[in-house]
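To convert, count from 1 in the sequence shown and add 239; that's our numbering.
The beta carbon of each residue, even a glycine, is placed where N, CA and C say it ideally should be.
Remarks on the structure that follows.
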Amino acid sequence: MSTPATIKVQGFKVAKLYKHWDGNPASTLQWLEKFNEDFALNRGDDPSYKFAQLIRSSANDAEKYHLDPSKHTGWGVLSLDEYRGQYEYILQTDGTVKVVQP
240 MSTPATIKVQ GFKVAKLYKH WDGNPASTLQ WLEKFNEDFA LNRGDDPSYK FAQLIRSSAN
300 DAEKYHLDPS KHTGWGVLSL DEYRGQYEYI LQTDGTVKVV QP
């Protein structure tokens, strides 16, 4: 059984990242908090770069945060109005992460 989630970047009005497996906070929040805090500190508020680096982080940090390493399934890019999953994470411009459970 999967726990799907989506990840939005505040200010990025094009798309969001879809995470099919282990989208619950216990499995996802630590990764997103560290990523977003680091990005805000080192790059500031740059939504398009943050979205691109988030995708890279899902691969580069997969082992460290026990993320799905699949090369063909498990991750996707959705339009903002598509399915939200069981959890939705919003990476705020101040480096924090908001968790919404629809």
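Residue span of the beta strand (DSSP E) that contains residue i, given as start and end
{"i": "lysine 310", "result": "No beta strand (DSSP E) contains lysine 310, which DSSP labels as neither H nor E."}
{"i": "glutamate 327", "result": "326-330"}
{"i": "valine 339", "result": "336-339"}
{"i": "alanine 244", "result": "244-248"}
Nearest residue (CA-CA) to residue i, options the options
{"i": "glycine 250", "options": "Thr332, Val336 and Lys337", "result": "Thr332"}
{"i": "aspartate 300", "options": "Ser241, Thr267, Thr312 and Lys252", "result": "Thr267"}
{"i": "aspartate 284", "options": "Ser297, Ser241, Thr335 and Gln340", "result": "Thr335"}
{"i": "lysine 303", "options": "Trp260, Leu256 and Gln269", "result": "Gln269"}
{"i": "tryptophan 260", "options": "Leu306, Pro341, Asp320 and Glu321", "result": "Leu306"}
Rounded C-alpha distance that separates residue i from residue j
{"i": "alanine 265", "j": "leucine 293", "result": "18 angstroms"}
{"i": "proline 308", "j": "tyrosine 328", "result": "20 angstroms"}
{"i": "lysine 289", "j": "leucine 271", "result": "11 angstroms"}
{"i": "isoleucine 246", "j": "lysine 258", "result": "8 angstroms"}
{"i": "lysine 337", "j": "arginine 323", "result": "14 angstroms"}
{"i": "valine 316", "j": "phenylalanine 278", "result": "20 angstroms"}
{"i": "lysine 310", "j": "serine 297", "result": "11 angstroms"}
{"i": "glycine 313", "j": "phenylalanine 274", "result": "19 angstroms"}
Contact set for residue i: own chain, Cβ-Cβ below 7 angstroms, skip 5 residues either direction
{"i": "serine 318", "result": "Ala254"}
{"i": "glycine 262", "result": "Thr242, Pro243, Ala244, Gly324, Gln325 and Tyr326"}
{"i": "valine 248", "result": "Pro286, Lys289, Phe290, Leu293 and Leu330"}
Contact test: residue i Cβ vs the ligand MG heavy atom, cutoff 7 angstroms
{"i": "glutamine 331", "result": "The ligand MG is not among the ligands present in this structure, which contains no ligands whatsoever."}
Close Cβ partners of residue i (< 6 angstroms) along its chain, the five nearest in sequence each way excluded
{"i": "valine 339", "result": "Glu327"}
Q. Quick one: complete alpha helix (DSSP H) runs, 4+ long, within the region 259-303?
A. Taking 4 residues as the minimum length, the alpha helix (DSSP H) runs contained wholly in the region 259-303 are 264-281 and 286-299, in order along the chain.
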